[in-house]
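Colleague: Under this note's numbering, the residues of the sequence shown are numbered 4 to 308, in order.
All residues carry an ideal CB built from backbone N, CA and C; glycine is no exception.
Since we're looking at a predicted model, the values are computed, not measured.
Below are the structure tokens for one structure; questions will follow.
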Amino acid sequence: MAQQYPEWIWQNGAIKPWQDATTHVMAHALHYGSSVFEGIRSYATPDGAAIFRLTDHLKRLYQSAKIYDMVLPYSQDELAAACREVVRKNGLSAAYLRPVAYRGLGGFGLSAETPIDVAVAAWAMGPYLGPEALENGIEACVSSWQRFAPNTIPAGAKAGGNYLSGQLIAREARRLGFGEGIAMASSGLLSEGAGENLFLVFDGVLHTTPASASILTGITRDTLKTLAHEDGIEVVERDIPREYLYLCDELLMCGTAAEITPIRSVDGKQIGSGKAGRVTRRLQELFFGLFNGKTNDQWGWLEPL
4 MAQQYPEWIW QNGAIKPWQD ATTHVMAHAL HYGSSVFEGI RSYATPDGAA IFRLTDHLKR
64 LYQSAKIYDM VLPYSQDELA AACREVVRKN GLSAAYLRPV AYRGLGGFGL SAETPIDVAV
124 AAWAMGPYLG PEALENGIEA CVSSWQRFAP NTIPAGAKAG GNYLSGQLIA REARRLGFGE
184 GIAMASSGLL SEGAGENLFL VFDGVLHTTP ASASILTGIT RDTLKTLAHE DGIEVVERDI
244 PREYLYLCDE LLMCGTAAEI TPIRSVDGKQ IGSGKAGRVT RRLQELFFGL FNGKTNDQWG
304 WLEPL
């Protein structure tokens with residue numbers, strides 16, 4: 004099925020037709036992966052469309068740019084306005100947003116000075132791992148590809164080049180017939196999914212890998228930790244060996260695109276009962292309750308259009 008593109012996009016300060024948002028084939032980012040970006044969702048709520056944790060996402064965008072010495076030519080408020088504008092212009096309520104900043108056409112060396120181009124796209128997108136994934140879960144595998152070691156590439160930046168690792172992990176998993184891949188850190192301990200953070204459940208307690216495991220400390224991950232604490236569910240951040248994937252009672256992936264996706268097996272080994280367990284279902288209830296009004300948004304995460 005062909006991808007259906009939206010009509011409008013924001014690029015370098017203006018809304019323009021999607022097909023007019025072009026960049027040169029010799030742009031620095033195309034050759035060296037020098038881009039930073041965010042994935043954000045807006046949801047249709049009882050009070051109208053709202054962008055979930057827009058401020059937090061844009062804060063991380065600027066942090067990622069700082070790590071790579073990229074000075075964005077727009078303020079955070081201007082990009083927030085651009086996000087709202089592109090959602091409204093395309094007539095969307097539930098949508099996926101992609102702000103991206105990248106080194107454009109300039110010099111050709113690794114350290115070349117170039118303009119920083121910025122764009123914001125928004126389009127309708129359902130569950131990232133498939134329409135049945137949120138309910139029935141997925142089958143995952145441990146990838147033969149590891150995450151990059153500390154002090155090589157900064158995992159804490161959401162940078163385009165980082166996702167070459169995720170592509171290898173995800174494409175290997177699909178080739179082998181799995182829904183998603185799971186990566187180990189260079190230490191041999193558990194890291195994260197191709198583009199998602201992980202939570203394991205043991206005896207009703209949530210366990211997740213720390214920032215030192217070469218993960219991107221996701222905003223959805225932070226959301227689940229906060230919701231769990233508020234609901235009385237204990238959360239532990241710790242190093243986790245690979246075999247604990249097979250021994251946990253429940254296992255789930257989370258991220259802006261994946262939202263909260265149960266994992267029913269890893270490497271062909273069934274997890275728990277082979278379906279989403281009590282804690283996973285409760286987290287889904289609390290998370291999606293933010294958007295249907297059943298969970299009180301006491302943190303101000305829903306930012307209206």
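DSSP has Pro307 in a bridge; who is on the other side?
Modeller: As a first step, residue 307 must be located in the sequence shown, where it is residue number 304. Answer is Ala53, bridged to Pro307.
Colleague: List the endpoints of the continuous beta strand (DSSP E) containing Ile208.
Modeller: For the purposes of this step, residue 208 is taken as residue 205 along the sequence shown, with counting starting at 1. The sequence shown places Val at residue 208, not Ile. Looking at the DSSP string, the run of the beta strand (DSSP E) that includes Val208 is 208 to 211.
Colleague: I need the DSSP call for Ser215, collapsed to helix, strand or coil.
Modeller: On the sequence shown, residue 215 is found 212 positions in, with the first residue counted as 1. DSSP places Ser215 in helix when its eight states are reduced to three.
Colleague: With H, G and I counted as helix, E and B as strand and the rest as coil, what does DSSP make of Ile1?
Modeller: Absent from the model: residue 1. The displayed extent of the chain is 4 to 308, so no value can be given.
Colleague: Let's test the definition: count the other Cβ atoms within 10 Å of the Cβ of Trp11 and tell me whether it reaches 16, buried, or not, exposed.
Modeller: In the sequence shown, the residue the question calls residue 11 occupies position 8. Label assigned to Trp11: buried.
Colleague: Please return the same chain residues whose Cβ sits closer than 8 Å to the Cβ of Ile222, not counting the five positions on each side in sequence.
Modeller: The count along the sequence shown starts at 1 and reaches residue 222 at position 219. Here the set comprises Arg56, Asp59, His60, Arg63, Thr259.
Colleague: May I ask you to list the residues that DSSP assigns as paired with Gly184?
Modeller: Numbered from its first residue, the sequence shown carries residue 184 at position 181. Looking at the DSSP assignment, Gly184 forms a beta bridge with Cys144.
Colleague: Straight-line CA distance for Gly133 to Glu199?
Modeller: The sequence position of residue 133 within the sequence shown is 130, counting from 1. The sequence position of residue 199 within the sequence shown is 196, counting from 1. C-alpha separation (whole angstroms): 15 Å.
Colleague: Taking Tyr105 as part of the alpha helix (DSSP H), name the residues at either end of that continuous run.
Modeller: Numbered from 1 along the sequence shown, position 102 holds the residue referred to as residue 105. From DSSP, Tyr105 is part of no alpha helix (DSSP H) but of the beta strand (DSSP E) over 98 to 106.
Colleague: Helix, strand or coil for Phe205? Go by DSSP, reduced to three states.
Modeller: In the sequence shown, residue 205 corresponds to position 202, counting from 1. Three-state result, Phe205: strand.
Colleague: So, using beta-carbon positions, are Asp120 and Thr26 closer together than 8 Å?
Modeller: Taking the first residue of the sequence shown as position 1, residue 120 is located at position 117. Taking the first residue of the sequence shown as position 1, residue 26 is located at position 23. Result yes, Cβ atoms of Asp120 and Thr26 sit closer than 8 Å.
Colleague: For the alpha helix (DSSP H) holding Thr283, just list the boundary residues, first then last.
Modeller: Here residue 283 refers to the residue found at position 280 when the sequence shown is read from its first residue. Residues 281 to 295.
Colleague: Cα separation between Pro153 and Ile263?
Modeller: Here residue 153 refers to the residue found at position 150 of the sequence shown. Here residue 263 refers to the residue found at position 260 of the sequence shown. Cα to Cα, the separation comes out at about 27 Å.
Colleague: Do Ile185 and Val269 come within 8 Å of each other at the CB atom, strictly closer than that value?
Modeller: What you label residue 269 is simply residue 266 of the sequence shown in a count that begins at 1. What you label residue 185 is simply residue 182 of the sequence shown in a count that begins at 1. Contact: yes.
Colleague: Is Pro20 buried or exposed, if buried means 16 or more other CB atoms sit within 10 Å of its CB?
Modeller: What you label residue 20 is simply residue 17 of the sequence shown in a count that begins at 1. Counting Cβ neighbours within 10 Å, Pro20 comes out exposed, since fewer than 16 surround it.
Colleague: Taking the beta strand (DSSP E) that Gly258 belongs to, which residues open and close that run?
Modeller: Against the sequence shown, residue 258 aligns to sequence position 255. Per DSSP, Gly258 belongs to the beta strand (DSSP E) from 253 to 258.
Colleague: Going by DSSP in three states, Lys278 sits in which element: helix, strand or coil?
Modeller: Indexing the sequence shown from 1 puts residue 278 at position 275. Note: Lys278 maps to coil in three-state DSSP.
Colleague: Would you mind stating whether Phe294 and Tyr99 have Cβ atoms separated by less than 8 Å?
Modeller: Here the question's residue 294 lines up with position 291 in the sequence shown. Here the question's residue 99 lines up with position 96 in the sequence shown. No, the pair does not count as a contact, with Cβ atoms beyond the cut-off.
Colleague: Quickly, what does DSSP pair Trp11 with across the bridge? List them, please.
Modeller: Residue mapping note: residue 11 aligns to position 8 of the sequence shown, counting from 1. Trp11 pairs with Pro20.
Colleague: DSSP state of Leu193, grouped into three classes?
Modeller: Residue numbering aside, residue 193 sits at position 190 when the sequence shown is read from its first letter. DSSP places Leu193 in strand when its eight states are reduced to three.
Colleague: Within 10 Å of its beta-carbon, does Phe202 have 16 or more other beta-carbons around it, so buried, or fewer, so exposed?
Modeller: What you label residue 202 is simply residue 199 of the sequence shown in a count that begins at 1. Buried, by the Cβ-count rule.
Colleague: Quick one: residues in its chain with C-beta nearer than 6 Å to the C-beta of Pro213, no 5 flanking neighbours on either side, listed in chain order?
Modeller: Counted from its first residue, the sequence shown places residue 213 at position 210. Correct list, in chain order: Glu240.
Colleague: May I ask you to verify whether the stretch 172 to 184 touches the stretch 130 to 144, counting CB pairs closer than 8 Å and requiring at least 3?
Modeller: They touch, by the three-pair rule.
Colleague: Let me know the beta strand (DSSP E) ranges lying completely inside the stretch 128 to 172, each 3 residues or longer, listed in chain order.
Modeller: Counting only runs of 3 or more, we get 141 to 145.
Colleague: Touch check for the stretch 28 to 39 and the stretch 121 to 128: three-plus C-beta pairs under 8 Å?
Modeller: Not touching, per the Cβ criterion.
Colleague: Look up Tyr46 in the DSSP assignment and give the residues it is bridged to.
Modeller: Taking the sequence shown and counting its residues from 1, one reaches residue 46 at position 43. Paired residue(s): Ala53.
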